[in-house]
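**Q**
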């Protein structure tokens, strides 16, 4: 079995209003040294190991479903689990 | 400067309907070997390095703002960047 972790974040040039709002809350808690917060999405997938071309499959799933390639970028890592 | 990555996921016992819906889409794409998808949140924070007790601060921010400790668990990693 493969365990795949996918991290989807807005591209640097895209504003992240939710991250800005969270930063405001963090500052109101008194942590003014937090300079930036950006929110993204995180996915954990379990995929049966018979798939040969696991990276190709993961990239297709990311491009078509998990991320919006216009505004978001993603990275992933694949590990083998029991 | 510290760069902090936070991963927030539902606890195992909590249903993740969004992850289930995504799994449905992935199966309709033909990738039936994907057995499980769970969605979580991902945050990147930049924190000024003068903070001494960085782990304590990160945990407070996670417990109070980024995660709901009743339903979610989180993990984080801290690295030093320029």
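Chains as they are written, first to last, in full-length UniProt numbering: chain S, 1 to 82; chain G, 1 to 82. Even for Gly, the Cβ is constructed at its ideal location relative to N, Cα and C. Quick caveat: nothing in here was measured; it's all calculated off a predicted structure.
DSSP beta-bridge partners for residue 77 of chain G?
**A** For the purposes of this step, residue 77 of chain G is identified with residue 77 of the second chain, where counting begins at 1. Residue 77 of chain G is bridged to G:5.
**Q** With a Cβ-Cβ cutoff of 9 Å, do residue 41 of chain S and residue 42 of chain G count as a contact?
**A** In the first chain, the residue the question calls residue 41 of chain S occupies position 41. In the second chain, the residue the question calls residue 42 of chain G occupies position 42. Cβ distance < 9 Å, so residue 41 of chain S and residue 42 of chain G count as in contact.
**Q** Can you tell me which of the three DSSP states residue 40 of chain S falls into?
**A** Sequence index remark: in the first chain, residue 40 of chain S carries index 40 (1-based). Strand, per DSSP.
**Q** Could you round the C-beta distance between residue 49 of chain G and residue 35 of chain S to whole angstroms and report it? I think they count as a contact, below 8 Å.
**A** In the second chain, residue 49 of chain G corresponds to position 49, counting from 1. In the first chain, residue 35 of chain S corresponds to position 35, counting from 1. Actually they are not in contact, since the Cβ atoms of residue 49 of chain G and residue 35 of chain S sit about 11 Å apart, beyond 8 Å.
**Q** Is the Cβ of residue 11 of chain G closer than 9 Å to any Cβ of chain S?
**A** Against the second chain, residue 11 of chain G aligns to sequence position 11. So, not an interface residue.
**Q** Give a yes or no on whether 9 Å exceeds the smallest Cβ distance from residue 79 of chain G to chain S.
**A** Residue 79 of chain G sits at position 79 when you count from the first residue of the second chain. Output row for residue 79 of chain G: interface = no.
**Q** May I ask you to list the residues that DSSP assigns as paired with residue 34 of chain G?
**A** Numbered from its first residue, the second chain carries residue 34 of chain G at position 34. Answer is S:47, bridged to residue 34 of chain G.
**Q** Just mark residue 155 of chain S as buried or exposed, buried being the case when its beta carbon has 16 or more other beta carbons within 10 Å.
**A** Since the first residue of chain S shown is 1 and the last is 82, residue 155 of chain S is not available in this structure.
**Q** In terms of alpha-carbon separation, which member of G:68, G:27, G:55 lies closest to residue 3 of chain G?
**A** The residue labelled residue 3 of chain G in the question sits at position 3 within the second chain. Taking only the C-alpha atoms, the option nearest residue 3 of chain G is G:55.
**Q** Would you say residue 15 of chain G faces chain S, with C-beta separation under 9 Å as the test?
**A** One-based indexing of the second chain puts residue 15 of chain G at position 15. Taking Cβ atoms only, chain S never reaches closer than 9 Å to residue 15 of chain G, which makes this a no.
**Q** Return the residues of the stretch 27-52 of chain G that lie within a Cβ-Cβ distance of less than 9 Å from chain S, sorted by chain order.
**A** The stretch 27-52 of chain G vs chain S, Cβ under 9 Å: 29, 31, 32, 33, 34, 35, 36, 37, 38, 39, 40, 41, 42, 43, 44, 45, 46, 47, 48, 49, 50, 51.
**Q** For the alpha helix (DSSP H) holding residue 21 of chain G, just list the boundary residues, first then last.
**A** Mapped onto the second chain, residue 21 of chain G falls at position 21. Unbroken alpha helix (DSSP H) run through residue 21 of chain G: 17-28.
**Q** Tell me whether the stretch 55-72 of chain G and the stretch 18-37 of chain S touch, counting them as touching only if at least three CB pairs, one residue from each stretch, are closer than 8 Å.
**A** Touching, yes, given that three or more Cβ pairs across the two stretches are closer than 8 Å.
**Q** Rounded to whole angstroms, how far is the Cβ of residue 20 of chain S from the Cβ of residue 44 of chain S, which I believe are closer than 8 Å?
**A** Residue numbering aside, residue 20 of chain S sits at position 20 when the first chain is read from its first letter. Residue numbering aside, residue 44 of chain S sits at position 44 when the first chain is read from its first letter. The pair is not a contact, with the Cβ atoms about 27 Å apart (cut-off 8 Å).
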